[in-house]
Amino acid sequence: MRTEVISDSQFSVLQGFFAHLWCVKFDGVKGDFGWWAKHLDSLGISWYVQNTISALADKRENAFYYLRRLLAEKGITIVRDSEFNNLAR
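Straight run, no breaks: the sequence shown in the numbering used here ends on number 111.
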């Protein structure tokens, strides 16, 4: 299984991305995918993580689980910002 590490700050933004995708799919909200793609890219969030969030948001029942748990099941670990910054060095 592929593994990735993201920071708490990135996770916070990804929660919004997940909510946006879920609302587009299940509530008929207009999508703004271009903005999200640019924003997530600017934060250094890999396409793998972005695509994983997209796939998770495609299932209605995933709204009832902790996103942190769903990501962990996909090999994505969330660390404190300070730890993440140390990893990046």
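For every residue, glycine included, the Cβ atom is placed at its ideal position computed from N, Cα and C.
DSSP places residue 99 in the strand class (E or B) of the three-state scheme. The C-alpha of residue 50 lies about 10 angstroms from the C-alpha of residue 43.
Across the set 55, 62, 47 and 41, the C-alpha of 62 shows the shortest separation from the C-alpha of residue 29.
Nearest neighbour of residue 89 by Cα position, chosen from 60, 40, 57 and 31, turns out to be 40. In this chain, the beta strand (DSSP E) harbouring residue 27 covers 26-29.
The beta-carbon distance between residue 95 and residue 68, rounded to whole angstroms, is 17 angstroms. This is too long to meet the 8 angstroms contact definition. When the Cα atoms are used, residue 38 and residue 105 turn out to be separated by approximately 22 angstroms.
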